[in-house]
Amino acid sequence: MLKNHLISRVLSLLILLGTVTPLVHAREPAFLRESIRARGMGNAFTAVANDEMVLYYNPAGLRSVQYNAYEVLKFNISNNTQVNAPFIGGHGSIDPDNVN
């Protein structure tokens, strides 16, 4: 009786953890949705958004975009930045000292 009760609790816990874990990782990284221009303006960018990030900041400003721009992936790398990017193939980290 006690063994069945313990097994049911363990299975319930495993099911709960299996359903909660994907929700934790459901958001994209912040650097994929932030504009460098908007950060430079202190995120006061909604009224003048007219670049490739207009859909994130102000979808109504899409009409003011007068050129085509595409942004596939953005990295902010400085001299002492180490980027851990498992989504680039899972080969560990990117060291800026070894970048050509």
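If you read the sequence shown in numbering that gives the first Met the number 0, its first letter stands for residue 0, the second for the next number, and so on.
Every residue, glycine too, gets a C-beta built ideally from N, C-alpha and C.
Just so you know, these numbers come straight off a predicted model, no measurement behind them.
With respect to the 8 Å criterion, A48 and Y56 are classified as neighbours on the basis of their beta carbons. The C-alpha of L15 is placed about 10 Å away from the C-alpha of R8. Taking C-beta atoms under 8 Å as the contact rule, S63 and M52 fail to qualify, at a distance of about 13 Å. S11 and G17 have their C-alpha atoms some 10 Å from each other. Taking the CA atoms as reference points, I6 sits about 49 Å from L54. Residues of the same chain with a CB within less than 6 Å of the CB of R38, apart from the 5 flanking positions on each side, do not exist.
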